[in-house]
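In this note's numbering, the protein residues as written are 48 to 266. Heads up, the beta-carbon is just placed ideally off N, CA and C, and yes, glycines get one too. Only a predicted model underlies this, so the values are computations on that prediction, with no experimental measurement involved. Right, one structure below, let's go through it.
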């Protein structure tokens with residue numbers, strides 16, 4: 048493992064820009080990016096609605112039938128690349144629901160830590176700095192208002208030719224936040240030693256500059 052740059056964590060709520068920032072920061076640092084949110088979304092998509100009502104034994108069995116890996120920086124599930132099909136708002140809501148289930152979190156935490164033992168990583172998610180990699184050298188927590196995050200998501204969808212109502216999307220993000228922040232298992236919150244960055248009034252380059260400056264000053 049790269050001892051000069053061990054695991055870096057980047058946490059925050061849905062729609063705050065973690066994926067874009069994690070991609071660019073990992074590229075700058077020449078390390079792999081681990082999108083743990085995509086892992087939860089993949090489980091949600093493959094297991095489907097109603098998964099939260101399965102018995103613990105059945106849920107654990109089905110989760111273990113899905114194996115995650117990183118190949119050349121790309122996240123794979125059972126050897127296949129995780130694609131854009133996991134990015135819908137509906138899948139996101141279901142992912143937030145299954146993220147409250149201890150069995151799901153345990154299975155994915157084990158997979159995430161296993162990857163962290165093989166590669167220097169930038170781990171992007173919601174509890175990377177608090178639960179999965181509590182000893183990470185650098186921890187960041189990004190935030191922004193639900194309204195700002197909804198507008199950013201709409202801009203992204205419009206570039207893909209999709210249309211979503213702002214009020215509807217803002218409400219979905221608030222629901223997602225409520226699930227993430229109030230779940231019993233690993234609630235969304237900054238690690239005690241994380242650098243918290245409010246991105247509401249910053250562009251991607253501005254946030255990236257803050258993260259890189261912090262790493263350079265404390266490395």
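1. With 16 as the cutoff for other CB atoms within 10 Å, does residue 239 come out buried or exposed?
2. Quick one: residues in its chain with C-beta nearer than 8 Å to the C-beta of residue 204, no 5 flanking neighbours on either side, listed in chain order?
3. If you follow the beta strand (DSSP E) that residue 114 is in, where does it begin and where does it stop?
4. Determine which residues share a DSSP beta bridge with residue 127 and list them.
5. Count the C-beta pairs between the segment 176 to 191 and the segment 235 to 255 that are closer than 8 Å, then say yes if the count reaches three, no if not.
6. Residue 139 by DSSP, collapsed to three states: which one?
7. Could you tell me how far apart the beta carbons of residue 86 and residue 141 are, in whole angstroms, since I believe they sit closer than 8 Å?
8. So which of 67, 146, 179 has the shortest CA-CA distance to residue 158?
9. For residue 213, count neighbouring C-beta atoms within 10 Å of its own C-beta (all shown protein chains included) and say buried if the count is 16 or more, exposed if not.
10. Can you list, in chain order, the residues of its chain whose CB lies under 6 Å from that of residue 136, leaving out five sequence neighbours each side?
11. Measuring CA to CA, which of 173, 57, 263 is closest to residue 152?
12. Since residue 117 and residue 94 should fall inside the 8 Å C-beta cutoff, what is the C-beta to C-beta distance between them, to a whole number of angstroms?
13. Taking the alpha carbon of residue 262 as the point to measure from, which residue in 195, 175, 72, 106 has its own alpha carbon closest?
14. Looking at C-alpha atoms only, which residue of 260, 232, 222 is the closest neighbour of residue 61?
15. What is the residue span of the alpha helix (DSSP H) that residue 154 lies within?
16. Among residues of its own chain, excluding the 5 on either side of residue 129, which ones have a beta-carbon nearer than 6 Å to its beta-carbon?
17. Any idea what DSSP makes of residue 171, helix, strand or coil?
Result, derived from the coordinates:
1. exposed
2. 210, 211
3. Looking at the DSSP string, residue 114 is not in any beta strand (DSSP E), and its letter there is neither H nor E.
4. According to DSSP, residue 127 bridges with 124.
5. yes
6. helix
7. At roughly 14 Å, the Cβ-Cβ gap does not stay under 8 Å, so residue 86 and residue 141 are not in contact.
8. The shortest C-alpha to C-alpha distance from residue 158 to any of 67, 146, 179 is the one to 179.
9. The residue is exposed, with fewer than 16 neighbouring Cβ atoms inside 10 Å.
10. Once the five neighbours on either side are set aside, the close Cβ partners of residue 136 are 219.
11. Looking from the CA of residue 152, the closest CA among 173, 57, 263 belongs to 173.
12. The Cβ separation is near 21 Å, so there is no contact.
13. Cα-wise, what sits closest to residue 262 is 72.
14. 222
15. 149 to 165
16. So the qualifying residues of the chain are 85, 89, 122.
17. DSSP places residue 171 in strand when its eight states are reduced to three.
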